[in-house]
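For reference, the structure discussed in these notes is given below.
There are 2 protein chains.
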Amino acid sequence: MDHVDKILVQWRTERPDLDTEAMGIMGRLKRLSTHLAREVEQVLQQHGLSSSSFDVLATLRRSGTPYRLSPGDLLSMTMVSSGTMTNRIDQLEKAGLVERVVNPDDRRSVLIALTGAGLAAVEGAAGAHVANQQRLTQGFSAEEKAQLDALLRKFLATFE
Amino acid sequence: MDHVDKILVQWRTERPDLDTEAMGIMGRLKRLSTHLAREVEQVLQQHGLSSSSFDVLATLRRSGTPYRLSPGDLLSMTMVSSGTMTNRIDQLEKAGLVERVVNPDDRRSVLIALTGAGLAAVEGAAGAHVANQQRLTQGFSAEEKAQLDALLRKFLATFE
DNA sequence: GCCATTTATCTTGACGTCAAGATATGCCGT
DNA sequence: ACGGCATATCTTGACGTCAAGATAAATGGC
């Protein structure tokens with residue numbers, strides 16, 4: 013009987029006409045993702061980053077040398093609006109972790125490049141972040157992890 | 013090969029020392045919850061509510077007559093800060109969907125009560141919201157839904 | 001070559017959220 | 001009764017996000 017079960021019991025009492033199966037799955041998913049986001053945020057904060065800024069730095073890092081992508085490339089990989097991405101880049105630029113360099117091939121565009129400090133920051137944070145993700149999922153057996161991943165993949169395929 | 017797979021391939025190329033199993037689960041969960049939140053928001057918007065305001069109205073509704081709870085009760089059921097709850101109640105009060113009534117038993121406190129308009133709004137939205145949740149999960153068989161729910165319950169139990 | 005359209009990024013104003021602290025009331029031991 | 005601690009709510013200031021629109025450069029049809 014977890015927190016979501018209590019909600020479902022209330023609904024079944026008050027509105028027995030409403031089916032609660034989907035409610036349970038959606039409710040657990042929402043609460044879980046909130047908890048996970050907070051856990052992730054906490055570890056990255058210890059490395060001086062927010063999960064938002066880490067997202068951008070990590071996207072640049074995993075794109076490989078020379079660690080440069082346009083704001084449009086970053087946008088297509090991160091599920092945020094263009095205004096949000098501009099703001100994220102502004103913050104990272106102020107912190108000296110990325111810099112905007114001109115794109116010689118297209119002057120509408122610009123390239124966002126990891127600085128030395130930015131590369132150091134993301135390398136340091138990435139290890140801790142991955143270790144934290146492993147900690148958070150360590151309660152599951154290998155089989156359960158595979159099962160969960162498969163179900164999430166199928167669910168996600170509804171949208172992407 | 014979904015969006016998350018592409019990210020994992022990049023990491024395995026750039027940082028083969030990092031294990032990607034947990035990254036995959038966490039990444040899919042995050043993207044999925046973002047998609048689901050947007051879908052939910054859209055349906056509630058058609059009923060003049062945000063998911064935030066619906067959360068409060070639904071909590072009051074499922075608590076049963078007389079549909080009154082203190083801000084503290086609402087807080088303990090919704091994973092937001094006290095400042096956020098004050099703001100949500102302010103908005104709902106301005107919209108005429110709830111009202112603050114004095115709590116005769118404890119004058120530090122106050123009771124948040126559904127108005128007639130608030131009750132009508134939540135009853136209308138709840139049906140559409142549940143139907144939407146069922147739509148979003150309809151790609152799964154009964155067995156898959158049970159499996160997913162069980163895994164999410166176990167994962168959530170890590171935190172609650 | 002020129003103008004209309006498309007593409008890429010940035011700007012603006014509004015919203016929801018949070019952490020930290022302020023305020024006001026209740027409670028309890030003496 | 002009273003002082004001090006606990007509890008309940010609200011306030012403040014800062015952030016991150018979004019939708020809509022502004023700006024500027026590239027492209028394509030004529």
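Those protein sequence lines, which keep their order, are chains A and B.
Numbering-wise (the working numbering), the first sequence opens with residue 13 and increments by one.
Numbering-wise (the working numbering), the second sequence opens with residue 13 and increments by one.
Glycine included, every Cβ here is placed at the ideal spot set by N, Cα and C.
A quick note: this is a predicted structure, and the numbers were derived from the prediction, not measured.
Interface flag, residue i vs chain B, CB-CB below 7 Å
i      : result
G36/A  : yes
R74/A  : yes
G151/A : yes
V142/A : yes
Q54/A  : no
Q145/A : yes
T96/A  : no
E155/A : no
Per-residue burial, residue i [other beta carbons within 10 Å of its own, 16 or more giving buried]
i      : result
M13/B  : exposed
V110/B : buried
R147/A : exposed
Q57/A  : exposed
D102/A : exposed
N144/B : buried
S65/B  : buried
G39/B  : buried
Rounded distance between the beta-carbons of residue j and residue i, thought under 8 Å
i      : j      : result
T170/B : I37/A  : In fact, because the Cβ distance is near 17 Å, the residues do not count as touching under 8 Å.
H141/A : V21/A  : The Cβ separation is near 37 Å, so there is no contact.
V113/A : L123/A : 5 Å
T71/A  : T98/A  : Not really, about 15 Å apart at Cβ, beyond 8 Å.
G138/B : L30/A  : Checking the sequence, you will find Ala at residue 138/B rather than Gly. That belief holds up - the Cβ atoms of A138/B and L30/A are roughly 7 Å apart, short of 8 Å.
E53/B  : S62/B  : 7 Å
L87/B  : V68/B  : Not confirmed; about 10 Å, so no contact.
H59/B  : E172/A : Incorrect: roughly 27 Å between the Cβ atoms, too far for contact.
beta-carbon residue i near the ligand GTP non-hydrogen atom, thresh 6 Å
i      : result
L160/A : Ligands displayed in this structure: none; no statement on the ligand GTP is therefore possible.
Residue-chain proximity (residue i, chain A), Cβ-Cβ < 7 Å
i      : result
V21/B  : no
D85/B  : no
M91/B  : yes
L123/B : no
D14/B  : yes
F66/B  : no
S63/B  : no
E26/B  : yes
R80/B  : no
T77/B  : no
H59/B  : no
Nearest residue (CA-CA) to residue i, options the options
i      : options                         : result
R119/B : F66/B, P83/B, M35/B and A137/B  : P83/B
N115/A : T32/A, L163/A, A107/A and R80/A : R80/A
F167/B : D17/B, A34/B and I19/B          : A34/B
Are there three or more Cβ pairs, one per stretch, closer than 8 Å when the region 19–26 of chain B is compared with the region 73–84 of chain A? Contact check between the region 19–26 of chain B and the region 73–84 of chain A: three or more CB pairs, one atom from each, fall below 8 Å, which counts as touching.
Does the count of Cβ pairs from the region 149–168 of chain B and the region 123–140 of chain B closer than 8 Å reach three? In short, these stretches do not touch, since the Cβ pair count stays below three.
Any chance the region 158–166 of chain B sits against the region 90–104 of chain B, with 3 or more Cβ pairs inside 8 Å? No, the region 158–166 of chain B is not in contact with the region 90–104 of chain B.
Would you say the region 115–130 of chain B touches the region 32–47 of chain B, given that touching needs at least three Cβ pairs under 8 Å? Contact fails: fewer than three Cβ-Cβ distances are below 8 Å.
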